[in-house]
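Input: a single structure, listed below in structure tokens.
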Amino acid sequence: MSRRFVARRSPIHGNGVFATAPIKKGEEIVEYKGTLMTHQDADVMYGDGGETGHTFLFTLNDEYLIDANRKGNTARWINHSCDPNCQALVLEAEGDDRRKDRVFIEAIRNIKPGEELTYDYGIILDVPHTARLKKVWKCLCGSPKCIGTMLKPKHGR
Ligand SMILES: [Zn+2]
43 MSRRFVARRS PIHGNGVFAT APIKKGEEIV EYKGTLMTHQ DADVMYGDGG ETGHTFLFTL
103 NDEYLIDANR KGNTARWINH SCDPNCQALV LEAEGDDRRK DRVFIEAIRN IKPGEELTYD
163 YGIILDVPHT ARLKKVWKCL CGSPKCIGTM LKPKHGR
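For any residue, its number in my numbering is found by taking its place in the sequence shown, counting from 1, and adding 42.
Below is the structure:
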């Protein structure tokens with residue numbers, strides 16, 4: 043299967059990923075790849091995430107995350123949007139080995155060539171959402187539905 047997307051500069055942020063062919067709703071586009079690490083190791087290496095707003099970490103499950111800074115693929119350039127055309131699906135492997143879980147980016151509506159691929163990062167930080175943090179995680183997706191931040195409200199906390 044030929045690739046149906048390309049990475050280039052994005053009006054949203056830095057690099058983005060754009061469709062180069064029509065993609066149908068429900069189609070799997072790309073796997074989110076990188077180096078598997080535990081949350082503990084990630085905290086040691088990168089801090090709690092509140093400082094830098096780095097977004098090349100994908101939370102896989104309670105134990106592991108995928109670090110796309112190391113051995114990541116094009117999927118790491120896909121930007122966040124408040125009104126996305128894709129979603130990130132965690133495919134849980136059979137059995138108890140959570141290291142075998144994988145993440146795929148899937149279209150949630152039909153996508154035309156030239157459209158930027160986006161999904162909702164759904165970021166929840168375990169720290170108060172200060173003005174500085176909101177700036178770090180500011181959303182520039184440009185959608186009419188934009189809530190101005192990538193951070194999710196902390197319901198029931
Ligand atoms: Zn937005």
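Beta carbons are placed, not taken as given, at the ideal position from N, Cα and C, and that holds for glycine.
### Message
Going by DSSP in three states, residue 79 sits in which element: helix, strand or coil?
### Response
In the three-state scheme derived from DSSP, where H, G and I count as helix and E and B as strand, residue 79 is classed as strand.
### Query
By DSSP, does residue 163 sit in helix, in strand, or in coil?
The answer is coil: DSSP assigns residue 163 none of H, G, I, E or B.
### Message
Excluding the 5 residues flanking residue 198 on each side, which residues of the same chain have their C-beta closer than 8 Å to its C-beta?
### Response
Note on residue 198: pLDDT 48, under 50, position unreliable in the model; the coordinate value appears next. Answer for residue 198: no residue qualifies.
### Task
Express the C-alpha separation of residue 141 and residue 49 in angstroms, rounding to a whole number.
Spanning the two alpha carbons is a distance of roughly 28 Å.
### Message
Could you check if residue 159 belongs to the surroundings of ligand 3, using beta carbon to heavy atom distance under 8 Å?
### Response
What this structure holds is ligand 1, not ligand 3.
### Query
Helix or strand or just coil, what does DSSP make of residue 106?
Looking at residue 106 - three-state DSSP - the assignment turns out to be strand.
### Task
Taking the CB atoms as reference points, tell me whether residue 100 and residue 130 lie closer together than 9 Å.
For the 9 Å CB-CB criterion, residue 100 and residue 130 form a contact.
### Query
If you run the structure through DSSP and keep just helix, strand and coil, what is residue 199?
The predicted position of residue 199 is uncertain, since its pLDDT is 41 and thus under 50; no value can be drawn from it.
### Message
Measuring straight from C-alpha to C-alpha, what distance separates residue 102 and residue 109?
### Response
So the alpha carbons of these two residues sit roughly 10 Å apart.
### Message
At the level of alpha carbons, what is the spacing between residue 136 and residue 173?
### Response
When rounded, the distance between both Cα atoms is 42 Å.
### Task
Give the straight-line distance between the Cα atoms of residue 64 and residue 57, rounded to the nearest whole angstrom.
The C-alpha of residue 57 is placed about 20 Å away from the C-alpha of residue 64.
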